[in-house]
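Residue numbers (our numbering): 1256 to 1607.
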């Protein structure tokens, strides 16, 4: 893989004496990161033993889908609920004596661990096999507090994040000199992300902008948009395919008809109306999107008080790290998008 023109994502690139391909050391580092991520996500996984936060919606929906019924929680597409259902069934078969709560959350744990592997592998690619940078990135995802709390609960977000990460990694691989199959895998991953939550489309759009940026500046002497045109074609084909495959169960129940498609798009319309209907969607405690990187209003996803004992789970990022990363995001935006010194950094900002 050639180095990007003028790229300084190469304060992070490897020392010239380091191997430029996958080695046994990468296997060792990856296994160590995966074991750490797995332990942190499975210790006391069955606590609390009852459903909490949005588990009350998604676990019941997953079980009804597995029984062949319609999705009772049609605000979001069904793929994430299907993954939860598969996780419940497989866990019961493999470990029939574990608590029910563990079966609900197994799939989310697996998604969280896979994100650590994807982060390490993607970082090797972006930083041209700088293993210190790749291990640091993987270690951050393995131990970051918000990621931990969200990959220990049966929600849709772990699967959405996993497919968005895979889509970004594989799409970048194509634009940084890889085979066209990476474009297909990237586009299809974004379709699966949208099959978990409609917001997967936003990441797909951001990644497409990032890829346009890379295609424009990768070879300054020869700009023909060839890769962008082909990637756009695969996105038009495979993003809808991945999305509609998540509704395969609905097509089996209701038939492959215009009415079924109306039902699917009607669900998206209902979600939007629900979110903006002050009478239906009431939150006494909410945070706006611009507050998220600054960790202004973290969410207690579980809180229980008995006598003088308080138990809680907080969906909270480490504020010092998040503030530092927000500052770095602004700096990389200027360096990459304005000065064109760090093309990969600028592209990652566009995805974000």
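Note that CB positions come from ideal geometry on N, CA and C, so glycine has one too.
Considering only their Cβ atoms, is the gap separating residue 1313 from residue 1339 smaller than 8 Å?
As a working mapping, residue 1339 is identified with position 84 in the chain shown. As a working mapping, residue 1313 is identified with position 58 in the chain shown. Contact: yes.
If I measure Cβ to Cβ from residue 1560 and keep anything under 8 Å in the same chain, skipping five residues before and after, which residues do I get?
Reading the chain shown from its first residue, position 305 is the one you call residue 1560. Same-chain partners within the cutoff: 1566.
Same chain, Cβ closer than 7 Å to residue 1256, neighbours up to 5 away in sequence not counted
Translated into positions along the chain shown, residue 1256 becomes position 1. Since pLDDT at residue 1256 reaches only 42, below the 50 mark, its modelled position is unreliable, and the value read off the structure follows with that caveat. Correct list, in chain order: 1431 and 1432.
Starting from residue 1554, follow the alpha helix (DSSP H) in both directions and report where the run begins and ends.
On the chain shown, residue 1554 is found 299 positions in, with the first residue counted as 1. Premise fails: residue 1554 lies in the beta strand (DSSP E), 1554-1561, not in any alpha helix (DSSP H).
Please say whether residue 1425 and residue 1444 have beta carbons closer to each other than 8 Å?
Taking the chain shown and counting its residues from 1, one reaches residue 1444 at position 189. Taking the chain shown and counting its residues from 1, one reaches residue 1425 at position 170. Their beta carbons are under 8 Å apart, which means residue 1444 touches residue 1425 by this criterion.
Would you call the CB atoms of residue 1497 and residue 1458 closer than 8 Å?
Here residue 1497 refers to the residue found at position 242 of the chain shown. Here residue 1458 refers to the residue found at position 203 of the chain shown. It is not a contact, given that the beta carbons lie outside the stated cut-off.
For residue 1564, list the residues DSSP reports as bridge partners.
Within the chain shown, the letter at position 309 stands for residue 1564. Residue 1564 is bridged to 1561.
DSSP beta-bridge partners for residue 1569?
Walking along the chain shown from the start, residue 1569 turns up at place 314. Under DSSP, residue 1569 shares a beta bridge with 1555.
CB contact flag (residue 1333, residue 1502, <8 Å)
As a working note, residue 1333 is residue 78 in the chain shown. As a working note, residue 1502 is residue 247 in the chain shown. Taking 8 Å as the Cβ cut-off, residue 1333 and residue 1502 qualify as a contacting pair.
Under the three-state reduction of DSSP, which class applies to residue 1550: helix, strand or coil?
The residue labelled residue 1550 in the question sits at position 295 within the chain shown. It is coil, neither helix nor strand.
Classification of residue 1449 by the beta-carbon crowding that lies within 10 angstroms, buried from 16 upward
Within the chain shown, residue 1449 is the residue found at index 194, counting from 1. Burial state of residue 1449 is buried, judged by a 10 Å Cβ sphere holding 16 or more other Cβ atoms.
Could you spell out the range, first to last residue, of the alpha helix (DSSP H) harbouring residue 1408?
Within the chain shown, residue 1408 is the residue found at index 153, counting from 1. No alpha helix (DSSP H) holds residue 1408; DSSP gives it neither H nor E.
What's the call for residue 1590, buried or exposed, on a 16-neighbour Cβ count within 10 Å?
As a first step, residue 1590 must be located in the chain shown, where it is residue number 335. Classification of residue 1590: buried, given that the 10 Å Cβ count is 16 or more.
DSSP-derived helix/strand/coil call for residue 1355
As a working note, residue 1355 is residue 100 in the chain shown. Assigned with DSSP and collapsed to three states, residue 1355 falls in helix.
Indicate the three-state DSSP secondary structure (helix, strand or coil) for residue 1350 in the structure shown.
Within the chain shown, numbered from 1, the residue matching residue 1350 stands at position 95. Coil at residue 1350, not helix or strand.
May I ask which residues mark the beginning and end of the alpha helix (DSSP H) holding residue 1275?
To locate residue 1275, count along the chain shown from 1; it is residue 20. That residue, residue 1275, is in no alpha helix (DSSP H); it is neither H nor E in DSSP.
Would residue 1481 be called buried (16 or more neighbouring beta carbons within 10 Å of its own) or exposed?
Within the chain shown, the letter at position 226 stands for residue 1481. Exposed, by the Cβ-count rule.
Note down the Cα distance separating residue 1488 from residue 1495, rounded to an integer number of angstroms.
As a first step, residue 1488 is located in the chain shown; it is residue number 233 there, counting from the start. As a first step, residue 1495 is located in the chain shown; it is residue number 240 there, counting from the start. Rounded to the nearest angstrom, the two C-alpha atoms are 12 Å apart.
Can you grab the Cα-Cα spacing for the pair residue 1542 / residue 1554, in whole Å?
Here residue 1542 is taken as the residue at index 287 of the chain shown, counted from 1. Here residue 1554 is taken as the residue at index 299 of the chain shown, counted from 1. Near 9 Å, if we compare the C-alpha coordinates of residue 1554 and residue 1542.
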